[in-house]
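Below is one structure, written out as C-alpha cells; comments come after it.
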Amino acid sequence: MCKKETILVTSALPYANGPIHFGHIAGAYLPADIFVRFKKLYGADIVYVSGTDEHGFAITVSAQQEGNTPKKHVDHYNQVIQDIFKKFNVEFDNFSRTSLKHHYKLSQEFFTNLHKANKISEKTTDQLYCKSCNMFLADRYVTGGCPHCEYEEARGDECPKCGNWIEATELKDPKCKVCCNTPVVKQTKHWFLDLGKFSDTLKTWIDSKKNWKPNVTNFISAMIEQGLESRPITRDMDWGIPVPLEDAKGKVLYVWFDAPIGYISSTMEWAEKKGEPDKWKDYWHNKDCRLVHFIGKDNLPFHCVVWPAVLMGQSDYILPTDVPANEFYNLEGKQFSKSTGWYVDLDGFFNKFQSDSIRYVIGANAPETKDSAFSWKDFQNKHNGDLADTLGNLVNRALKFTASYFDNTVPEASVLSEADHTLLKKIKETFTTLENLYDTYQVRRVCYEIMELARVGNRYFDEQAPWSSRKTDITKCAATMNCTIQLVKAIALAAYPVIPDAAQKMWHMLGYSHKIKSTNWLEEKLIQVPAGQALGTAEVLFSKIDDKVIEEEIEKLNKMVSDEAEATKEKNVPKITFEEFQKIKLKIAEILKAEPVKKSKKLMKLEVSLGKEQRQIIAGIKEGYSDPEKLIGKKVIVVSNLKTAKLMGLESQGMLLAAHDDTGLHLITPDSDAKPGSEVK
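According to our numbering, the sequence shown is numbered sequentially starting from 402.
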C-alpha cells in the first residue's frame, strides 16, 4: 500500500479590519477549499489552517474611529469573517487568530532566533511622522507617487500597479491616509531583517520550483536579482506583539513579520484541540510534508521572500512546497472597493442565491494566470446555463425517468451498446484528468471537465432516446438508464470539491445514506451503483434566476456606489470650528418682488425685506420656482452678512437657504409668525 501523502494547506490570514469579499474568496480560499476537499477524498493526511491577522496600524485607527478598543474591534471581525466563510462553505480544520497568547510567544521566539543568528540588525532611520495624528505612520497609511512608475496612489510599502517594494520616504508628495496632511520626516530606531544574507539560499530555493506558476517564479526571481535590502520588522505603536528586547520598549513586531507565523500557531492550536499537542510537528518539521500557501498575487513578496527567509532562520522548519498565487478577481471589470460602494452585499447575496452557485461561477472564472471578474450577467448565465440547464436537467431526467418506468430502482445493464461503452470510458478518462487538475490547482479546467461530462450525458440521453426504446427494446432502455445513473454518480463524486451541497443532494437521490466526504475517491470511482438499488426522491438542484432578480442586483450595485459617493462627499466637506460658525448671521426675510434674470436658466432676482432694510438677492432657484408670483410674500432664511457679489452683472446682497433632493429644490421657510429681520439662532 502506498504511503499517505502528508499535506499542510494554508490560506492567507484575512485582516480583521472588515469583511472579506468575492475577490478574497477567489484568490486564496475557494481554490484551497476545493484542493483540500479533493485531497481528503483521495486519502491524503491533510490539514487546512488559517485565521485572522489581528495586528497593525489600520486596526488601531479603525478601532479609534469606532470608539472601540483594538481587541473588541478584532473580536468583532474575526466572527464576521468566520460567518462569511460558512456561507461560502469553506471548511478549515482550524481557524485561529494572531492575538492569542501562544502566537505571541511563538512570534517572539522566531524574532529571538533570527536576532541571535545575526540576521536582524538595529538601525536609526528616517520615518514619516504625522504631526496632526501625533504618530509615526505605518507603510500602508501613507500614499503618494511611486518613484518607479509614478502611479499616484502607491502605498508606503509597495506599489499596487508595478509591484515594486517602496520605502515610505521614497514616495512623491506623501499624504497621511488618516488626515490627508503631509507628514514630516522624523528619526526612530527599528530592527530590520537582513534579507540580503538570505539571497543565495532564496535563489537556489526559488530556482528549484520548476513546476510553479511562471508569474510567481518570474516575479520573485526578478526581486532577488535586483538585490534584496533589509526590511523593517518592528513598528512604533502599542497594539501588537512586543519586541522581546530590553531596549525596544514601545515597539511591536511588524504585522507582516508575525502574520505568517500564524500558520504555525494555528496548526499548534489544531493539535491542542485534538489532544495531541505535539502533532503539529508532523507537518512543520516533516521534510516529506507538502506545504501549500494559497494567496493572492499582492502577497507574493512576503510569502516567497520574507516568510521563507524567516523560516530559514529557524531550526528544522520546512519551506513552502508550492505557492499557487492567483491574480486579481474584480467586480464588473473594476477592483472591489467597500469605500466606493463597489462590492457585493454578501448578506443580501446569500439570502437569494446558493453557495454552490457562486462557488462554481468563481471556480469557472478563477483568476489563475490573469485577472478575471465577477459580473451579474455572467453569474446568471453560468447558473442558468451550466448548473440548471445542463447539470440539473441531466439529473432530473435520469431520476424521474427511472422513477416512472423502472419503479425508482436502478435497472440492470445486461447488454451494453457501443454508445454505452463510450460513455463509461469517458467517465473513466475524466476521473484521470480531474485527478491531475485538482492536484495542480487548475480549478477553471476542473469546472469545465465536470460540466463537459454533464453535456456528454445529455447528448447520450438524447441520442439513446429511452422514451422510444422503452416501447421497442426494454433491454436497451434499461442499459441506457443504468449508464445514465452511473454518470450521475460519477459527476456527484467528481464535483463534490466544487459544489459540495449539490453533489451531496445528488448522492442522496441515488439512494446513498452516507456522506460523500466519508468515501475514498480511488475506491469509489470504480464502484457502480448496483442494479436494484432503490433511488431517492428527485429534487430540483438549481432553480433558474430570473432576469428581474439580476436587474435588481445591478441597480443595487449602482445605488451603493451613488450612496457611498454622496457619503464620501459629505465626509470630505471641510470642518469649521464653533467660533467660525458663530460668524455666520442668519435672518428671516420676506420676499417682496421676484423676477427671472434674463438669459439665465437658473437665476431669479429677488427683493427681500429684513425688517428695517430691503436687499436685492440673486438666487439660483428658478428650477424649483419657475412662477415668480408664487414667491411673493414667502418667508425665507438668508445669510445676511455675506459680502456683496455680482452674478450676471447684478449685485447680490445675501444668500437664501434651500434644500435639494430627488423631488427638486425647496426653500427653507420658517414658522409664519416669525418677523422679517429676526435672527435665526
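Just so it is clear, CB atoms sit at the ideal spot from N, CA and C, and this is done for glycine as well.
Everything numeric in this text was worked out from a predicted model, so none of it was measured.
Contact under 8 Å by Cβ, residue i with residue j
i     : j     : result
I719  : K688  : yes
L1004 : I1019 : yes
D476  : Y416  : no
Y761  : I900  : yes
C884  : L824  : yes
I892  : I851  : yes
E954  : T741  : no
I461  : M638  : Per the sequence shown, the amino acid found at residue 461 is Thr instead of Ile. Cβ atoms of T461 and M638: closer than 8 Å.
S758  : F537  : no
V1039 : G1065 : no
K945  : N785  : yes
E804  : L936  : Checking the displayed sequence, the identity of residue 804 turns out to be Ala instead of Glu. Yes, the pair counts as a contact, with Cβ atoms nearer than the cut-off.
Neighbour-count burial assignment, residue i, 16 or more Cβ in a 10 Å radius
i     : result
N535  : exposed
R636  : buried
I665  : buried
S963  : exposed
D787  : buried
R860  : exposed
Q588  : exposed
A767  : buried
H591  : buried
C705  : buried
M1041 : Checking the displayed sequence, the identity of residue 1041 turns out to be Ser instead of Met. Buried, since its Cβ has 16 or more Cβ neighbours within 10 Å.
N959  : exposed
I426  : buried
F982  : exposed
M402  : Because the pLDDT of M402 is 44, which lies under 50, any placement of that residue in the model is unreliable, and the question is left without a value.
F802  : buried
P575  : buried
K783  : buried
H456  : buried
D679  : exposed
W868  : exposed
A413  : buried
E553  : exposed
A623  : exposed
L923  : exposed
Proximity to residue i [Cα-Cα], best of the options
i     : options                 : result
I621  : G641, D639, S600, E940  : S600
I763  : L1007, D748, Q781       : Q781
G628  : K604, F807, R541, M638  : K604
G1078 : I875, A990, E626        : A990
V857  : R871, E830, K949        : E830
T602  : W613, N616, I625, V1081 : I625
T722  : V796, D608, L838        : D608
T1070 : G419, D1062, V1081      : V1081
V491  : I421, D863, A789, V543  : I421
F737  : M961, F489, T499, K1013 : M961
N479  : K1006, S756, N469, S500 : S500
G557  : H549, P548, V543, K650  : V543
F876  : G912, D821, T834        : Position check: residue 876 holds Thr in this sequence, whereas Phe was assumed. Per the Cα distances, D821.
K598  : E571, S522, V653        : S522
V707  : F658, Q465, E553, Y806  : F658
V617  : Q465, K680, K771        : K771
V889  : P709, R798, L817        : R798
V410  : K441, L923, L817        : K441
C550  : E571, R541, K1002       : E571
E647  : K404, Y913, Q509        : Q509
E769  : A429, P1029, G1034      : A429
Rounded distance between the beta-carbons of residue j and residue i, thought under 8 Å
i     : j     : result
Y730  : G424  : 5 Å
I1022 : L1068 : 7 Å
R714  : N514  : One point to set straight first is that residue 714 is Gly, not Arg, in the sequence displayed. Indeed they touch by this definition, with Cβ atoms about 6 Å apart.
K1036 : A995  : Actually they are not in contact, since the Cβ atoms of K1036 and A995 sit about 13 Å apart, beyond 8 Å.
Q929  : Q865  : 18 Å between Cβ atoms; not a contact.
N495  : W671  : 4 Å
K675  : D595  : Not quite, the Cβ-Cβ distance comes to about 38 Å (not below 8 Å), so this is no contact.
Y684  : T407  : 7 Å
F493  : P645  : Actually they are not in contact, since the Cβ atoms of F493 and P645 sit about 29 Å apart, beyond 8 Å.
Chain C within 8 Å of residue i, Cβ atoms only
i    : result
I421 : Of the protein chains in this structure there is only one, and it is not chain C.
Quiz item: Three or more beta-carbon pairs under 8 Å between the stretch 766 to 780 and the stretch 444 to 454, yes or no?
Solution: no
Self-check item: Three CB pairs or more closer than 8 Å across the stretch 841 to 855 and the stretch 424 to 437
Solution: yes
Quiz item: Counting pairs of beta carbons, one from the stretch 726 to 745 and one from the stretch 810 to 824, are three or more of them closer than 8 Å?
Solution: no
Quiz item: For the stretch 696 to 707 against the stretch 462 to 476, are there 3 or more C-beta pairs whose distance is under 8 Å?
Solution: no
Self-check item: Segment contact, 8 Å Cβ cut-off, at least three pairs: the stretch 516 to 532 with the stretch 575 to 585
Solution: yes
Exercise. Check whether the stretch 556 to 564 touches the stretch 490 to 510, counting contact only when three or more Cβ pairs, one atom from each stretch, lie closer than 8 Å.
Key: no
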